[in-house]
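Note sheet for the following structure.
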Amino acid sequence: MYKKKTLANGKAGLPIGRSKDDSNMLEALKMYEAKNYKKSLKLLDTILKKNSNHVDSIILKGLNLQVSGTAEEAATYINKALTKIKGTLVSPIGGHLLGIYYRQVKDYTDAVKWFKAALDNGSTNTQIYRDLATLQSQIHDYKGALESRRNYWENYKGYRANWTSLAVANDLNGHKQVAISTLSTFEELAEGKLGEPEMYENSECIMYKNDLLYRNAGNDKKSLEKALEHLEKVQDDVYDKFGWLERKASILMKLGRSREASLVYRTLIKRSPDDFKYYRLLEVSLGIQGNESLKKALYEKLAVFYPKSEPPKFIPLTFIKDKVELTKKISDYITTQLNRGVPATFNNIKPLYKKEGIPDIIENIVLPYHSALSPDDQPIQFVWTTYFLALHFLHRKEFEKANDYADKAMEHTPTLVEIYILKARVLKHLGLLEEAASVINRGRELDLQDRFINAKTTKYMLRADDTNEAIAIVSLFTKNDVNGVPDLHLLEASWFIVEQAESFFRLYKKSLKELSALKEKDVSSLAEEELDSHVKLLRDLEFNVDKYEGLSLKRFMALPKIYRQFEDDQLDFHSYCMRKGTPRAYLNMLEWGNHIYTLPMFVRAMEGASKIVFQRFDSSKISNSDEQSHDDIAAKKKNSKKAKKEAAALNRMKEDEKAECLAYVGDKDPLGETLLNDSDPLGIFEKEFLKPYLSQATDSTRRHLIEFEFHLRTGKLALALGALTKYIKVNGKDSVAASMALVLLENTKDSYLHDDIAKKVAVKGIEKEFPELLSESENKLGFVKETFGKTLPSLLILYRHSSASIPEPEIKEDIISVLQNEEPAIQHSVLEYEF
Numbered sequence: 112m113y114k115k116k117t118l119a120n121g122k123a124g125l126p127i128g129r130s131k132d133d134s135n136m137l138e139a140l141k142m143y144e145a146k147n148y149k150k151s152l153k154l155l156d157t158i159l160k161k162n163s164n165h166v167d168s169i170i171l172k173g174l175n176l177q178v179s180g181t182a183e184e185a186a187t188y189i190n191k192a193l194t195k196i197k198g199t200l201v202s203p204i205g206g207h208l209l210g211i212y213y214r215q216v217k218d219y220t221d222a223v224k225w226f227k228a229a230l231d232n233g234s235t236n237t238q239i240y241r242d243l244a245t246l247q248s249q250i251h252d253y254k255g256a257l258e259s260r261r262n263y264w265e266n267y268k269g270y271r272a273n274w275t276s277l278a279v280a281n282d283l284n285g286h287k288q289v290a291i292s293t294l295s296t297f298e299e300l301a302e303g304k305l306g307e308p309e310m311y312e313n314s315e316c317i318m319y320k321n322d323l324l325y326r327n328a329g330n331d332k333k334s335l336e337k338a339l340e341h342l343e344k345v346q347d348d349v350y351d352k353f354g355w356l357e358r359k360a361s362i363l364m365k366l367g368r369s370r371e372a373s374l375v376y377r378t379l380i381k382r383s384p385d386d387f388k389y390y391r392l393l394e395v396s397l398g399i400q401g402n403e404s405l406k407k408a409l410y411e412k413l414a415v416f417y418p419k420s421e422p423p424k425f426i427p428l429t430f431i432k433d434k435v436e437l438t439k440k441i442s443d444y445i446t447t448q449l450n451r452g453v454p455a456t457f458n459n460i461k462p463l464y465k466k467e468g469i470p471d472i473i474e475n476i477v478l479p480y481h482s483a484l485s486p487d488d489q490p491i492q493f494v495w496t497t498y499f500l501a502l503h504f505l506h507r508k509e510f511e512k513a514n515d516y517a518d519k520a521m522e523h524t525p526t527l528v529e530i531y532i533l534k535a536r537v538l539k540h541l542g543l544l545e546e547a548a549s550v551i552n553r554g555r556e557l558d559l560q561d562r563f564i565n566a567k568t569t570k571y572m573l574r575a576d577d578t579n580e581a582i583a584i585v586s587l588f589t590k591n592d593v594n595g596v597p598d599l600h601l602l603e604a605s606w607f608i609v610e611q612a613e614s615f616f617r618l619y620k621k622s623l624k625e626l627s628a629l630k631e632k633d634v635s636s637l638a639e640e641e642l643d644s645h646v647k648l649l650r651d652l653e654f655n656v657d658k659y660e661g662l663s664l665k666r667f668m669a670l671p672k673i674y675r676q677f678e679d680d681q682l683d684f685h686s687y688c689m690r691k692g693t694p695r696a697y698l699n700m701l702e703w704g705n706h707i708y709t710l711p712m713f714v715r716a717m718e719g720a721s722k723i724v725f726q727r728f729d730s731s732k733i734s735n736s737d738e739q740s741h742d743d744i745a746a747k748k749k750n751s752k753k754a755k756k757e758a759a760a761l762n763r764m765k766e767d768e769k770a771e772c773l774a775y776v777g778d779k780d781p782l783g784e785t786l787l788n789d790s791d792p793l794g795i796f797e798k799e800f801l802k803p804y805l806s807q808a809t810d811s812t813r814r815h816l817i818e819f820e821f822h823l824r825t826g827k828l829a830l831a832l833g834a835l836t837k838y839i840k841v842n843g844k845d846s847v848a849a850s851m852a853l854v855l856l857e858n859t860k861d862s863y864l865h866d867d868i869a870k871k872v873a874v875k876g877i878e879k880e881f882p883e884l885l886s887e888s889e890n891k892l893g894f895v896k897e898t899f900g901k902t903l904p905s906l907l908i909l910y911r912h913s914s915a916s917i918p919e920p921e922i923k924e925d926i927i928s929v930l931q932n933e934e935p936a937i938q939h940s941v942l943e944y945e946f
């Protein structure tokens, strides 16, 4: 890492004033760099035994311990060293070592701080600038990264990667022209000197330069002409021909040269005739978007040129207005595919179902076609048409008909896996989850080597809350372990983890219902043996309630860990993409990284975790009176031999469950007990889920209700009002907004949780949006329901916040009434897990 200074005679020597401890520390540093950690630690212990205040040795010992796997002890030594440092006044070596330590523990902000300290305090190791720039890019300090990139570039101008990284840093800071100049300068210096191995990097860099020219030009015609001129100039050197053609067409369109652009789009269609995007852009370039006759003529010609491509056949179905003509076109489109036995026929036509009247047209075409088919003489056409009709009725929510057609298809061809998947889907929508899992498992058994059907079956087993069978099935495609759960966590299989978390939550709710019913049972007249049985069942249910709730939260909390790993994985790419010469891919990665905490699976886990955290905050599982009465029963039995045996058996069961439920090797809390009993569950939820989510979600896409519910429970009524206001801005004043406002108003009456200023702010905001709610004469709940209607989402909000003004029985009755219009699966979910 650091070299001894060189004397005038060319021999290495020690700097003036270097102590023996410093020299020994440098020897220990060499051992550390050679990965001889034990020898390094032994030498450091010798130094610290004589001089316990030698800061650099303390830091290096902490770093050695960190890489040796003793993180807690390492942190102790690092903290000890920090107490001996004033501000950032540390030796260059010490600062560098601290930077390395904090980078290893993924505290990138502090790593940046100490790398900068090393440089500020006189370090001559210019490699630090590269590490510093990487870390600054990771924490989105692009201004700092630009300075570090520039300093590193000044010392190593012979590498193209450094020119590229400097250009990208300027681009990220909005200095596009400087970035263009940087790339151009290197191109001039390297002209005629590039070999074959460098040509791909050269291709990417010149396309990135054109991207800069294009973005910097905006709508300026002169600048766009320059970008086009550059594009034509580098055509032979560009490997990404699709990117080159797309850019050329875009520039031509901006220049108003649409005729030339249309020729480019025709070239793109020729190269990729199944890409719908190019056909749409061809319409735009020809200026015929609003002219049905011209579009029909265009697609008729294109269908002749590309007879095997889908877009020329499908796109006319989206704009033809004449019903007779449209019906004929749809009939030709569907029947042609059904005659060929195309399984994806329904998915191909499905986008048209959004248009009014189209589903009826399709039904009137396919039903007669199906009736005319012979199951024996036309088996392929018959089974796939039956399959189509089952999907059609499923999409129309006519579940009984869908089920009938799925049965017909299965009866005709019982060896077709796709039919079992379809049948399971129909049963799922009917709320028959166990039957759905059984059916899809039969389909899985037809092809045990198919990973897709294996994963589907696992998902259905989890939806049916058969977690043990789900694990057994999914473990067939993991490592050769009996339990594949740890491997799935290692593989970051978020779909499985979230499905399992939701299954555990449902099992928790079921166990909680059973426990509540058991606690209401009168035990005064039970015989001794019956009482023993009652107590055992009681303890088993209590164990299950705690186990399933803990496991559910534990699995949900695994998602932030996985997504933080996604974020951390970007670190290496800040330098890797520069070395490999892929700046465009690098910028795409940065864009993706800016939205990872808004991806659907993370949001789904956040919603699941919020249910547990908010419920635990709102109320305990068992009332104190019930707890006391059953504790009395347990106390009477605790001295009996039978009770002691039961307690021992329960402990053994708990240990067995811990082994079976282990998700990560070395996890000290496999059942989530510590997590559940944390003193600040809302704080954990905010740190793990809400804070990263809100940092990336936009006002138009964020889940305002979760934000609202969280701030209600933390007592921050002004922030809850802010969430309500943002919701209204995006969705308008609907039933959900009105319900949120009513709940917020009820919270302003809470005397112990909220301060007066927060209440006044909330009331003022409610008055602005829903002044009727502040009227003394107004029936507030009646106003919300009559003005905005009764919808399931709004009623569930009110039910969860029932009070004297929002009576639970009334809301429950409304929910049951509204549920009659919902599909069976939703009815089952609400009735089983909300009440």
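Take the sequence shown: its position 561, counted from the start at 1, is 672 in our numbering, and no numbers get skipped.
Beta carbons: idealized from backbone N, C-alpha and C, even for Gly.
Original post:
Pairing CB atoms from the region 164-176 with CB atoms from the region 184-197, are three or more of them under 8 Å?
Top reply: yes
Original post:
Is the distance from the Cβ of L246 to the Cβ of A222 below 7 Å?
Top reply: yes
**OP:** Hey, could you find the ends of the alpha helix (DSSP H) P694 is sitting in?
**Re:** P694 to G704
Subject >> Environment of L500 [buried if 16+ CB atoms lie within 10 Å] >> reply: Buried.
Original post:
Roughly how many whole angstroms lie between the Cα atoms of P525 and D558?
Top reply: For P525 and D558, the distance between alpha carbons rounds to 13 Å.
Original post:
Can we say the region 643-654 touches the region 571-586, given the rule of at least three CB pairs closer than 8 Å?
Top reply: Contact between the region 643-654 and the region 571-586 is absent: fewer than three C-beta pairs spanning the two stretches fall below 8 Å.
Original post:
Which residues in the same chain as L786 place their Cβ atom closer than 7 Å to its Cβ, once the five residues preceding and following it in sequence are excluded?
Top reply: G661, L664, K665, M668 and D780
**OP:** Keeping to the same chain, check which residues put their C-beta closer than 7 Å to that of L305; ignore five residues upstream and five downstream.
**Re:** N313
Original post:
Apart from the five residues just before and just after E933, which ones in its own chain have a Cβ nearer than 6 Å to its Cβ?
Top reply: none
**OP:** Kindly list the residues whose CB is nearer than 8 Å to the CB of F654, restricted to its own chain and excluding five residues on each side of it in sequence; keep chain order.
**Re:** Setting aside the 5 residues that flank it on each side, F654 is surrounded in the same chain by L761, M764 and K765, each with a C-beta closer than 8 Å to its C-beta; the list follows chain order.
**OP:** Identify, in the order they occur along the chain, each residue of the same chain with its Cβ nearer than 7 Å to the Cβ of V656, setting aside the five sequence neighbours on each side.
**Re:** Y619, S622, L623, L626 and K732
Original post:
So, using beta-carbon positions, are L55 and W264 closer together than 7 Å?
Top reply: Coverage of the chain is limited to positions 112 through 946, which leaves residue 55 absent and any answer about it impossible.
Original post:
When you compare each of F353, L830, E883 and K658 to K388 by their alpha carbons, which one comes out closest?
Top reply: F353
**OP:** Quick one: measure Cβ to Cβ for L853 and L892, integer angstroms, because I've assumed they're closer than 8 Å.
**Re:** 7 Å
Original post:
Count the other CB atoms within 10 Å of the CB of E436; is the residue buried (16 or more) or exposed (fewer)?
Top reply: Within 10 angstroms of the beta-carbon of E436 lie fewer than 16 other beta-carbons, which makes it exposed.
**OP:** Kindly indicate which three-state DSSP category K951 falls into: helix, strand or coil?
**Re:** Residue numbering for the chain in the displayed model covers 112 to 946; residue 951 lies beyond these limits and cannot be assessed.
Subject >> Collapsed DSSP secondary structure at K197 in the structure displayed >> reply: strand
Subject >> Local Cβ density within 10 Å of E511, reported as buried at 16 or more and exposed below that >> reply: exposed
Original post:
Which whole-angstrom value describes the C-beta separation of A873 and L855, a residue pair presumed to lie in contact below a C-beta threshold of 8 Å?
Top reply: 6 Å
**OP:** Taking only the alpha-carbon atoms, compute the straight-line gap between K434 and P427 and give it to the nearest angstrom.
**Re:** 13 Å
Subject >> Coarse secondary structure for D729, derived from DSSP in three states >> reply: helix
Original post:
Between which two residues does the alpha helix (DSSP H) containing Q938 stretch?
Top reply: Start and end: P935 to Y944.
Original post:
In whole angstroms, what is the alpha-carbon distance linking A520 and H506?
Top reply: A520 and H506: Cα-Cα distance of roughly 17 Å.
Subject >> Environment of L478 [buried if 16+ CB atoms lie within 10 Å] >> reply: exposed
Original post:
In three-state terms, what does DSSP make of L805?
Top reply: helix
Original post:
Do R813 and A272 come within 7 Å of each other at the CB atom, strictly closer than that value?
Top reply: At least 7 Å separates the beta-carbon of A272 from that of R813.
Subject >> Beta-carbon proximity check, P694 vs Y319, cutoff 7 Å >> reply: yes
**OP:** Tell whether a beta-carbon distance below 7 Å holds between I239 and T220.
**Re:** no
Original post:
Going by the CB atoms, is the gap between Y417 and S396 shorter than 7 Å?
Top reply: no
Original post:
Is E315 closer than 7 Å to G692 when the C-beta atoms are compared?
Top reply: yes
Subject >> Sequence-distant residues of the same chain with beta carbon closer than 6 Å to G900, five excluded per side >> reply: S846
**OP:** Decide if K896 is buried, meaning its Cβ has at least 16 other Cβ atoms within 10 Å, or exposed.
**Re:** buried
Subject >> F430 (DSSP reduced to helix, strand or coil) >> reply: coil
**OP:** Count the other C-beta atoms from every protein chain shown that fall within 10 angstroms of the C-beta of M142, then say buried if there are 16 or more, exposed otherwise.
**Re:** buried
**OP:** Can you have a look at L392 and say buried or exposed, based on whether 16 or more other CB atoms are within 10 angstroms of its CB?
**Re:** buried
Original post:
Between the beta-carbon of V528 and the beta-carbon of I564, is there less than 7 Å?
Top reply: yes
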